[in-house]
Amino acid sequence: MRTQDLPARTEAELYALDPDYVTQPEGKLPLTRTAFWSLVALRVYLIALIGLVIYRFAVYAHAG
Amino acid sequence: MGVMIVTHVDLSVKPARGWWPRALRVMSIVGPGIIVMTGDNDVGAFALYTSAGALYGFNLLWVMLPLLPITYFAQEMVVRLGCATGMGHAAMIFKRFGSFWGWFSLGDLMIVNFATIVTEFIGISAGLGFFGVAPWLSVALTIAFLFAMVSTGAYKRFETFALILVPLNFLVLPAVFALKPNYAAAASHYFHVTLPGGLNPDVIFLIIGLVGTTIAPWQIFFQQSAIADKQLRIRDIPLARLDLFLGNLVVQLGAFALIVLAATLYFGTRTPLTEPVQIATDLVHRSGYAYGALYAIALINAGLIGGVANSLANAWALGEVADVPSSLNRSFTEAPLFYCTYAGCLALAGAIVLIPHAPLELITTSVQALAAIILPVTIVFLNLLLNDRALLGPVLVNKPWQNVVNWSMIVLLFGLSAILAAQTIAPDLFPKTST
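Residue numbers (the working numbering), protein chains in the order written: chain F, 1 to 64; chain W, 1001 to 1435.
Structural data, given as structure tokens:
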């Protein structure tokens, strides 16, 4: 039996059982195609923003 | 990676009875939450809170109130994840999302944390400069002190050391009391939303900064790794939540005091506030040397806690990803990558501060912008992990109401970062209005 499958329905019951750390599931978290491409879009957005902040920093630093 | 079988389910453990055993148990759990939240009131936060007070008086105090539940809910997910898995956040992202997303997350963290450590050194140098200490000496002393903090070979000793620094956060309070601010007006503004001068870009960006400095990506990584290093377990979650809540109160009180202090000193006057340490000098003239000195010590302390927390977050994360020993319970020879990363962050950041004519204030502002940008993405991954039923099981996985709260928070944070992005691309996008 895995830790996360212990017969506890509430947090109080779970704490009373005092289980060890949860057992790591095999493999990666399954991501739907939508979730995957949303994360890719977020990443592109983030890289663009970081680039903009660095650009602004360079412009202001150069201007003194 | 195979599925392991649980070998330890001790049914004989009963909750402690009587106030003394309970108090001892609370004290044994309390630590990561208070430290992470006190680290939140770092040098960047000092700069931002005091700017908000100096420019807008008590008018932006209300921003802090909604940040109490937002910060709590974000970090509470970290508590559950850390106590349930016994692993750091970087390790969790690599295991559950793979190395592609893992390296991106680690890269974000390392860049922002490193830049934040630079700002901590800026504040410490300024604070020690108040006492006449030369910048090179303040950098050397800071590196020595921060390395001593983590080199005891035991997480518990580090934690005790850090908890001793926590009360120093409140050394700004005597200066606030000495100025005799209008407490009733301040309390009223804490509970009432006001937008001075309307929704103009200056106010929006100050609000973004306040949000970005109160919940930062490093906090998520630091707290989970600290919980793992402390070896807190599933049954410790309730007290770890209490620890986090106490930490949130520390942040609120610290932020409230700094905004009120700067508002009372500068708002409505012709004296502009250009840097946080200026307050120490102005307090000397207004209230006496002791008050200025106490404020400078609080600023130095903010930099020390922020510096140790950010450097540790980097060291833990890199060690977890490299799958090598990365624990404060290990010695230098047992965890060389962990301690070298920690020391390397400090040494490099200290060196940058000593570069002549380095744009230190610009660095501080840019770091806050970077943290605000990266934060929503970090919370998206955190929320996805908290919805991982295979990992956490039915009891610890996010409840529907928690998802509503968390996704609302993510949408809000993205909205704020989008405004920041729009203004960065087109600085004249929003019309300026006088305040």
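Note that CB positions come from ideal geometry on N, CA and C, so glycine has one too.
The structure presented is a predicted model; accordingly, all values stated were derived computationally and were not measured.
**Message:** For the alpha helix (DSSP H) containing W:ASP1229, name the first residue and the last one.
**Reply:** Within the second sequence, the letter at position 229 stands for residue 1229 of chain W. Per DSSP, W:ASP1229 belongs to the alpha helix (DSSP H) from 1217 to 1230.
**Prompt:** With 16 as the cutoff for other CB atoms within 10 Å, does W:PHE1191 come out buried or exposed?
**Reply:** Within the second sequence, numbered from 1, the residue matching residue 1191 of chain W stands at position 191. W:PHE1191 should be labelled exposed.
**Item:** Neighbour-count burial assignment, W:VAL1203, 16 or more Cβ in a 10 Å radius
**Value:** For this step, residue 1203 of chain W is matched to residue 203 along the second sequence. Label assigned to W:VAL1203: buried.
**Message:** Residues of chain F with CB closer than 9 angstroms to the CB of W:MET1388, please, in chain order.
**Reply:** Locating residue 1388 of chain W in the second sequence gives position 388, where the first residue counts as 1. Checking the sequence, you will find Asp at residue 1388 of chain W rather than Met. PRO25, LEU29, listed in chain order.
**Prompt:** To the nearest angstrom, how far is it from the Cα of F:SER38 to the Cα of W:LEU1386?
**Reply:** Here residue 38 of chain F refers to the residue found at position 38 of the first sequence. Here residue 1386 of chain W refers to the residue found at position 386 of the second sequence. Each residue's alpha carbon lies about 18 angstroms from the other.
**Message:** Spatial neighbours of W:PRO1325 within its chain, please: C-beta separation below 6 angstroms, excluding the five flanking residues on both sides.
**Reply:** Position 325 of the second sequence holds residue 1325 of chain W. Around W:PRO1325: GLU1334, ALA1335.
**Item:** Rounded Cβ spacing between W:ALA1293 and W:THR1050 (contact assumed at less than 8 angstroms)
**Value:** As a first step, residue 1293 of chain W must be located in the second sequence, where it is residue number 293. As a first step, residue 1050 of chain W must be located in the second sequence, where it is residue number 50. That belief does not hold up - the Cβ atoms of W:ALA1293 and W:THR1050 are roughly 17 angstroms apart, past 8 angstroms.
**Prompt:** Which residue's Cα is closest to the Cα of W:ASP1108: W:ILE1410, W:VAL1404, W:GLN1402, W:PRO1376?
**Reply:** In the second sequence, residue 1108 of chain W corresponds to position 108, counting from 1. When only C-alpha atoms are compared, the closest one is W:PRO1376.
**Item:** Coil, strand or helix - W:VAL1030 by DSSP
**Value:** Stepping through the second sequence from its first residue, residue 1030 of chain W is reached at position 30. It is coil, neither helix nor strand.
**Message:** Can you list, in chain order, the residues of its chain with a C-beta nearer than 7 angstroms to that of W:SER1125? Leave out the 5 residues immediately preceding and following it.
**Reply:** Position 125 of the second sequence, counting from 1, holds the residue named residue 1125 of chain W. If we look at W:SER1125 and ignore the five residues flanking it on each side, its Cβ neighbours are PRO1135, SER1138, VAL1139, VAL1353.
**Request:** State the DSSP-derived secondary structure class of W:VAL1395, mapped to helix, strand or coil.
**Result:** Residue 1395 of chain W sits at position 395 when you count from the first residue of the second sequence. If DSSP states are grouped into helix, strand and coil, W:VAL1395 belongs with the helices.
**Message:** Suppose contacts are defined by Cβ-Cβ distances below 8 angstroms. Is W:THR1119 in contact with W:GLY1044 by that definition?
**Reply:** For the purposes of this step, residue 1119 of chain W is identified with residue 119 of the second sequence, where counting begins at 1. For the purposes of this step, residue 1044 of chain W is identified with residue 44 of the second sequence, where counting begins at 1. By the CB criterion at 8 angstroms, W:THR1119 and W:GLY1044 fall inside the cutoff.
**Cβ contact check for the segment 1088 to 1095 of chain W and the segment 1221 to 1232 of chain W: 3 or more pairs under 8 angstroms** = The segment 1088 to 1095 of chain W, when compared against the segment 1221 to 1232 of chain W, does touch it at the 8 angstroms Cβ threshold.
**Request:** Classify W:ASN1383 as helix, strand or coil using the three-state DSSP reduction.
**Result:** Numbered from 1 along the second sequence, position 383 holds the residue referred to as residue 1383 of chain W. Secondary structure of W:ASN1383 (DSSP, three-state): helix.
**Message:** Just verifying my parser: in three-state terms, what is the DSSP assignment at W:VAL1133?
**Reply:** For this step, residue 1133 of chain W is matched to residue 133 along the second sequence. The answer is coil: DSSP assigns W:VAL1133 none of H, G, I, E or B.
**Asked** How many Å lie between W:PRO1272 and W:LEU1265 at the Cα?
**Response** Locating residue 1272 of chain W in the second sequence gives position 272, where the first residue counts as 1. Locating residue 1265 of chain W in the second sequence gives position 265, where the first residue counts as 1. Taking the Cα positions, W:PRO1272 is about 10 angstroms away from W:LEU1265.
**Message:** So within the segment 1253 to 1319 of chain W, which uninterrupted alpha helix (DSSP H) runs reach at least 4 residues, ignoring any that extend past its ends?
**Reply:** Fully enclosed alpha helix (DSSP H) runs of 4 or longer: 1278 to 1286.
**Prompt:** How would you list, in chain order, the residues of chain F whose beta-carbon sits under 8 angstroms from the beta-carbon of W:GLY1098?
**Reply:** Position 98 of the second sequence, counting from 1, holds the residue named residue 1098 of chain W. Neighbours of W:GLY1098 in chain F, taken as residues whose beta carbon is under 8 angstroms from its own, are LYS28 in chain order.
**Message:** Would W:PHE1121 and W:ASN1314 be called neighbours here (beta carbons separated by less than 8 angstroms)?
**Reply:** Taking the second sequence and counting its residues from 1, the one referred to as residue 1121 of chain W is at position 121. Taking the second sequence and counting its residues from 1, the one referred to as residue 1314 of chain W is at position 314. Their beta carbons are not under 8 angstroms apart, which means W:PHE1121 does not touch W:ASN1314 by this criterion.
**Message:** Just to confirm my understanding: we take W:GLY1082, look at its own chain, exclude 5 residues before and 5 after, and list those with CB closer than 6 angstroms. What are they?
**Reply:** Against the second sequence, residue 1082 of chain W aligns to sequence position 82. Once the five neighbours on either side are set aside, the close Cβ partners of W:GLY1082 are GLN1224, ILE1227, ALA1228.
**Item:** Reference F:ARG2, options W:PRO1217, W:PRO1394, W:ILE1259, closest by Cα
**Value:** For this step, residue 2 of chain F is matched to residue 2 along the first sequence. Just measuring C-alpha positions, the residue of W:PRO1217, W:PRO1394, W:ILE1259 sitting nearest F:ARG2 is W:PRO1394.
**Asked** Which value, in whole angstroms, describes the spacing of the CA atoms of F:VAL40 and F:TYR60?
**Response** Here residue 40 of chain F corresponds to residue number 40 of the first sequence, with the count starting at 1. Here residue 60 of chain F corresponds to residue number 60 of the first sequence, with the count starting at 1. Taking the straight line joining both Cα atoms gives about 30 angstroms.
**Residues near W:LEU1168 by beta carbon distance below 8 angstroms, same chain, minus five either side** = Taking the first residue of the second sequence as 1, we reach residue 1168 of chain W at position 168. Hits under 8 angstroms: ILE1297, ALA1298, ASN1301.
**Item:** Inter-residue Cα distance where the pair is W:PHE1061 and W:LYS1156
**Value:** Reading the second sequence from its first residue, position 61 is the one you call residue 1061 of chain W. Reading the second sequence from its first residue, position 156 is the one you call residue 1156 of chain W. Inspection of the sequence shows that residue 1061 of chain W is occupied by Leu rather than by Phe. Going by the C-alpha atoms only, they are around 36 angstroms apart.
**Asked** Is DSSP giving W:ASP1202 helix, strand or coil here?
**Response** The residue labelled residue 1202 of chain W in the question sits at position 202 within the second sequence. Reduced to three states, the DSSP call for W:ASP1202 is helix.
**Item:** Option in W:THR1085, W:GLY1086, W:SER1105 with minimal Cα separation from W:PHE1094
**Value:** Within the second sequence, residue 1094 of chain W is the residue found at index 94, counting from 1. Just measuring C-alpha positions, the residue of W:THR1085, W:GLY1086, W:SER1105 sitting nearest W:PHE1094 is W:SER1105.
**Item:** First through last residue of the alpha helix (DSSP H) which encompasses F:THR3
**Value:** Here residue 3 of chain F refers to the residue found at position 3 when the first sequence is read from its first residue. From DSSP, F:THR3 is part of no alpha helix (DSSP H); its letter is neither H nor E.
**Item:** 6 angstroms CB neighbourhood of W:SER1287 in its chain, flanking five on each side removed
**Value:** As a working note, residue 1287 of chain W is residue 287 in the second sequence. So the list reads ALA1178, once near-sequence residues are dropped.
**8 angstroms contact criterion, which W:ALA1371 and W:MET1064 should meet: CB distance rounded** = Sequence index remark: in the second sequence, residue 1371 of chain W carries index 371 (1-based). Sequence index remark: in the second sequence, residue 1064 of chain W carries index 64 (1-based). With 8 angstroms as the limit, W:ALA1371 and W:MET1064 do not qualify as a contact, their Cβ atoms being about 17 angstroms apart.
**Prompt:** If you measure from the beta carbon of F:PRO7 to each beta carbon in chain W, is any gap under 8 angstroms?
**Reply:** Taking the first sequence and counting its residues from 1, one reaches residue 7 of chain F at position 7. Not closer than 8 angstroms to any Cβ of chain W, the Cβ of F:PRO7 fails to qualify, so no.
**Message:** Between the alpha carbons of W:ASN1398 and W:MET1149, how many angstroms are there, rounded?
**Reply:** By 1-based counting over the second sequence, the position of residue 1398 of chain W is 398. By 1-based counting over the second sequence, the position of residue 1149 of chain W is 149. When the Cα atoms are used, W:ASN1398 and W:MET1149 turn out to be separated by approximately 36 angstroms.
**Prompt:** Of all the CB atoms in chain F, is at least one closer than 8 angstroms to the CB of W:GLU1359?
**Reply:** Taking the second sequence and counting its residues from 1, one reaches residue 1359 of chain W at position 359. The sequence shown places Pro at residue 1359 of chain W, not Glu. Yes, its Cβ sits closer than 8 angstroms to a Cβ of chain F.
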